[in-house]
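Residue numbers (our numbering): 4 to 583. The beta-carbon is built from N, C-alpha and C at its ideal position, and this holds for glycine as well.
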Amino acid sequence: MEPVKQQVGDGQDNFGQAAGKLAQAAKQASEAAASQTAHAAAATVQAGSGGAAAEVAAGSAAGPWGAVLAAAWAMRHTLFKVLVTMCLCLLFFIVLIVSLPTIVTNPVLGLDGNKPADDATLLSTYTELAEIVDQAVESGYDQALTQVEGIITGGGYDYRLSMDALANYAYSSAGYDVCYILAAYSASLEQKNTSKADLTAKLNNVVGFMFPVTQDGTGETEVEVEGEDDEEPTTETVEFVKCTIHPFDDSVIATAFGIDLDAEYGLFKITYKEAIEKMAAALKRTLYGSVANGQAVPLTDAELIAFVNRQNCSAMRKYILSTALSLVGKVPYFWGGKSAPGWNDEWNTPRLVTAAGSPTSGTIQPYGLDCSGFSDWVYKTAVGVSLYGTNWSQWDNSETVTAAELQPGDLGFLGGRADWTHVLVFAGYGEGGQRMWVHSSGGEGVIFNTPSYEGTLNLRRPKYVDFDAAPPNNVQQGMPIETIQVDVTHYCACSLCCGSNADGFTASGKRAARGMVAMSSYYPFGTQIMINGTMYTVEDRGGSGIENNRSRVDIFIPDHNEALRLGRYQTTAQIYRMGR
Numbered sequence: 004m005e006p007v008k009q010q011v012g013d014g015q016d017n018f019g020q021a022a023g024k025l026a027q028a029a030k031q032a033s034e035a036a037a038s039q040t041a042h043a044a045a046a047t048v049q050a051g052s053g054g055a056a057a058e059v060a061a062g063s064a065a066g067p068w069g070a071v072l073a074a075a076w077a078m079r080h081t082l083f084k085v086l087v088t089m090c091l092c093l094l095f096f097i098v099l100i101v102s103l104p105t106i107v108t109n110p111v112l113g114l115d116g117n118k119p120a121d122d123a124t125l126l127s128t129y130t131e132l133a134e135i136v137d138q139a140v141e142s143g144y145d146q147a148l149t150q151v152e153g154i155i156t157g158g159g160y161d162y163r164l165s166m167d168a169l170a171n172y173a174y175s176s177a178g179y180d181v182c183y184i185l186a187a188y189s190a191s192l193e194q195k196n197t198s199k200a201d202l203t204a205k206l207n208n209v210v211g212f213m214f215p216v217t218q219d220g221t222g223e224t225e226v227e228v229e230g231e232d233d234e235e236p237t238t239e240t241v242e243f244v245k246c247t248i249h250p251f252d253d254s255v256i257a258t259a260f261g262i263d264l265d266a267e268y269g270l271f272k273i274t275y276k277e278a279i280e281k282m283a284a285a286l287k288r289t290l291y292g293s294v295a296n297g298q299a300v301p302l303t304d305a306e307l308i309a310f311v312n313r314q315n316c317s318a319m320r321k322y323i324l325s326t327a328l329s330l331v332g333k334v335p336y337f338w339g340g341k342s343a344p345g346w347n348d349e350w351n352t353p354r355l356v357t358a359a360g361s362p363t364s365g366t367i368q369p370y371g372l373d374c375s376g377f378s379d380w381v382y383k384t385a386v387g388v389s390l391y392g393t394n395w396s397q398w399d400n401s402e403t404v405t406a407a408e409l410q411p412g413d414l415g416f417l418g419g420r421a422d423w424t425h426v427l428v429f430a431g432y433g434e435g436g437q438r439m440w441v442h443s444s445g446g447e448g449v450i451f452n453t454p455s456y457e458g459t460l461n462l463r464r465p466k467y468v469d470f471d472a473a474p475p476n477n478v479q480q481g482m483p484i485e486t487i488q489v490d491v492t493h494y495c496a497c498s499l500c501c502g503s504n505a506d507g508f509t510a511s512g513k514r515a516a517r518g519m520v521a522m523s524s525y526y527p528f529g530t531q532i533m534i535n536g537t538m539y540t541v542e543d544r545g546g547s548g549i550e551n552n553r554s555r556v557d558i559f560i561p562d563h564n565e566a567l568r569l570g571r572y573q574t575t576a577q578i579y580r581m582g583r
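Have a look at this one:
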């Protein structure tokens, strides 16, 4: 793990730390005084800072403050200017505090008259509330899946074919914004009497409407039925239903909290919609230092292949680079996060941060990798060589290279061995000749960029890797032997998913295990196929739906509900080796 990296976005509560220092002052301010101050401060700071504060304040009344401050500033007394500046800073943070959703701030500041929770911070409180929202949304998704299964079984439709025909837009594009939801809840009560219990109850009242389900018709197809004893196989016509699970319906949030988004919000001369957006933006700035949600867009397979192909380096280095880029936008930053080679199913699931030394220590965060954990994972996954899980070890197991010698797969350290703060993996050169890096950055996760501090990095190369060796699986030029479009389906060994073959044994004679893949016999057992950065091995077959469809890939998941949640989707896959 590594220390807090403020310069690379690791301090997720940048403004929150400063706001916390002003907590005592804020507590002494009455609710009425704070509200009046917010009006005046919004206009004052907007005039002096390009409107930045106006975006986080729930109002922009001007009043006489501008004239008073202009007259004060006209006085050339240095000390007075300093005092005015200090007051403006204090007003700015008061504006910041009172414009945040009270469901987040009250447990920390106690402005509702209740004693603040022990050791509560804005980040820890937000994390707890985000878990409540996530659980409600997951419950909504499960209810949508249950509704689909009810349509299938109630109508007597073929389960497997109906699930194959399901258009599921929910899981991969939930579309909900936790900050917006918390702001909407607080605004619905005009920032008064908010509570976790009330938030939970109101969200649970609408979980059945979060992911709308529609029945879009039926279809028929011929399937082959195995004959008994020496009888020849026969065919029969089966009917299936076509359903759609739609993306998260954002309008359900207004319904849950009884909000008319077009109505005027309080005395601020803005609508509820505008007030909620401003409060959500203020919360994001407080937690992350920006309005961005801290997530990077994953690279498409075409983008990954194109970038790797442009790099002038060995096949092994291209293979290492492809491995590193496969996690961009898919794995969050987690303080102290390490992992074994390959995809980790625990990534993106809640876990307590047990490592000390970070503002997130002791909080629940989506599990992922820290910066040294990511670089170590890349080398363990690509070539089976561990760089070890700390920056000290990675520094000691690497050697200095010059900028002219720098190659994809080399490392960059922000600082030296004694004062490092971050480690990155060099990816190569962009179309404009800029140096590009892939790394796990605090508040963002695994990203691919040219960071602002790039020119100050110490450049080093891992010692115990043969960068001129052939890549694993006889991959030439670090690239797959074939790239195909696939239809991915997740299944378990229950009777609904596998019918008469629900005994858990595969066509290869092995018992089904997590991650086992079934494909058409066009791909022999032992074929290696990479899907979304994870390498799978073909070890199973299926019925005619798989055998007659070379683009279909079924991935075994032990739990039926988990298989349903993972669902079905289309993506690009790479064949790295054909089986024998």
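Open item on the list: Whole angstroms are fine: how far does the CA of Gly431 sit from the CA of Ile323?
Closed with: 12 Å
Open item on the list: Rounding to the nearest angstrom, what Cα-Cα distance links Trp398 and Leu270 in this structure?
Closed with: 58 Å
Task: Limits of the unbroken beta strand (DSSP E) element including Ser443 - done: 438-444
TODO: Classify Met519 as helix, strand or coil using the three-state DSSP reduction.
DONE: coil
Task: Option in Gly371, Asn109, Asp379 with minimal Cα separation from Thr393 - done: Asp379
Task: Inter-residue CB distance, Leu585 and His425 (contact presumed, cutoff 8 Å) - done: It is not possible to answer for residue 585, since the shown part of the chain is limited to 4 through 583.
TODO: Can you tell me which of the three DSSP states Val210 falls into?
DONE: helix
- [ ] Could you check the C-alpha separation between Ser554 and Thr540 for me, to the nearest Å?
- [x] 15 Å
Task: Identity of the residues DSSP links to Gly431 by a beta bridge - done: Met439
- [ ] Leaving aside the five residues before and after Gly54 along the sequence, list all residues of the same chain whose C-beta is less than 7 Å from its C-beta, in chain order.
- [x] For Gly54, the predicted structure reports a pLDDT of 34, less than 50, and the residue's modelled location is therefore unreliable. The matter cannot be settled from this model.
Open item on the list: Is there a Cβ of chain C sitting closer than 9 Å to that of Thr289, yes or no?
Closed with: Although the question refers to chain C, the structure presented lacks it and comprises just one protein chain.
- [ ] Would you mind sorting Thr574 into buried or exposed? The rule is 16 or more other CB atoms within 10 Å of its CB.
- [x] exposed
- [ ] Report yes if the CB atom of Asp263 is closer than 9 Å to the CB atom of Cys246, and no otherwise.
- [x] no
Open item on the list: Assuming Val356 and Gly448 are in contact, meaning their beta carbons sit under 8 Å apart, how far apart are those beta carbons, in whole angstroms?
Closed with: Rounded, the Cβ-Cβ distance is 15 Å, inconsistent with contact.
Open item on the list: Would Cys182 and Ala283 be called neighbours here (beta carbons separated by less than 9 Å)?
Closed with: yes
TODO: Give the DSSP-derived three-state secondary structure of Ser189 in the structure shown.
DONE: helix
Task: Burial state of Asp469, where buried means 16 or more other Cβ atoms lie within 10 Å - done: exposed
Task: Rounded distance between the beta-carbons of Arg438 and Thr459, thought under 8 Å - done: Thr459 to Arg438, Cβ: 12 Å. No contact.
Open item on the list: Is the separation between the beta-carbon of Ala259 and that of Leu185 shorter than 9 Å?
Closed with: no
Task: When Trp346, Ile450, Val491 are compared against Met538, the one with the closest alpha-carbon - done: Trp346
Task: Pro362 versus Glu349, Leu390, Phe337, residue with shortest Cα-Cα distance - done: Phe337
Open item on the list: Can you give me the C-alpha to C-alpha distance between Tyr268 and Pro104, rounded to a whole angstrom?
Closed with: 14 Å
Task: Contact set for Ala278: own chain, Cβ-Cβ below 7 Å, skip 5 residues either direction - done: Ala61, Ala190, Tyr268, Phe271
Open item on the list: Please identify the residue among Val255, Asp490, Gly546, Tyr494 whose C-alpha is closest to the C-alpha of Leu567.
Closed with: Tyr494
- [ ] Specify, as a first and last residue, the run of the alpha helix (DSSP H) that Arg464 falls within.
- [x] Looking at the DSSP string, Arg464 is not in any alpha helix (DSSP H); the run it does join, the beta strand (DSSP E), is 461-465.
- [ ] Using the Cα positions of Gly116 and Thr366, report the straight-line distance between them to the nearest angstrom.
- [x] 25 Å
- [ ] With distances taken Cα to Cα, identify the nearest neighbour of Leu125 among Pro110, Gln138, Val136, Ala139.
- [x] Pro110
- [ ] Less than 8 Å between the CB atoms is what I'm expecting for Asn564 and Asp145, so what's the real figure, rounded?
- [x] 7 Å
Open item on the list: Which residue wins for smallest C-alpha separation from Phe451, given the options Ser142, Leu328, Leu169, Tyr467?
Closed with: Leu328
Task: Cβ-Cβ distance between Thr274 and Ala285 below 9 Å - done: no
TODO: Identify whether Leu567 lies in helix, strand or coil by the three-state DSSP scheme.
DONE: helix
Open item on the list: Looking only at its chain, what residues have a beta carbon closer than 6 Å to the beta carbon of Thr352, apart from the 5 residues adjacent to it on each side?
Closed with: Tyr370
TODO: May I have the straight-line CA-CA distance separating Lys1 from Pro561, to the nearest angstrom?
DONE: With the chain running from 4 to 583 in the structure shown, residue 1 is simply not present.
Open item on the list: Just checking Phe470 against the ligand ZN - is the residue's beta carbon closer than 8 Å to any of the ligand's heavy atoms?
Closed with: The ligand ZN is not among the ligands present in this structure, which contains no ligands whatsoever.
Open item on the list: Output needed for Pro119: all residues of its chain with C-beta closer than 7 Å, excluding positions within five of it in sequence on either side, in chain order.
Closed with: Pro110, Val111, Leu112, Gly113
- [ ] Alpha carbon to alpha carbon, how far is Arg463 from Ala406? Give it in angstroms, no decimals.
- [x] 10 Å
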